[in-house]
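Since the structure comes first, as structure tokens, the remarks are kept for the end.
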Amino acid sequence: MAAPFEIEVEELDRRRKAGDEPVVLDVREPWEFALCAIDGSLHIPMNGLPGRVGELPKDRDVVVVCHHGGRSAQVTMWLRSKGFDRAINLDGGVDAWARRIDPNMKVY
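Okay, so the sequence shown: first residue is 1 according to full-length UniProt numbering, each after it adds one.
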């Protein structure tokens, strides 16, 4: 059964605090990732994902993250087309995470 397509930052935060640790896949460019990132994120830039998709589990939720949620939505659709039924887009991206969960995180 496929997971919901999107997750809100508050739900991801709640799950992580409860010990339910999905893979957080950050698909932003290296310079963006260097500015700020959700702790514990796996960084695979969007353009490098086809060659590294084997690093992702199909039996766990994979929450896909970008700056605002646009690129990650595209990646989520692509992953689902490749059999990753538990790929989930983070609505609002790291920007929403910084503004609503981690006020110490840099915004750009």
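Each residue gets a CB set at the ideal place from its N, CA and C atoms; glycine is no exception.
{"Asked": "The alpha helix (DSSP H) spanning A34 covers which residue range?", "Found": "P30 to L35"}
{"Asked": "What did DSSP end up calling A3 once you bin it into helix, strand or coil?", "Found": "coil"}
{"Asked": "Quick test of your reading: P45 and E29, contact by CB under 8 Å. State the CB separation rounded to the nearest angstrom.", "Found": "6 Å"}
{"Asked": "May I ask you to list the residues that DSSP assigns as paired with L56?", "Found": "None; L56 has no bridge partner."}
{"Asked": "With a threshold of 7 Å on Cβ separation, who are the neighbours of S72 within its own chain once the five nearest residues in sequence on each side are excluded?", "Found": "V27, V64, V65, C66, N89, L90 and G93"}
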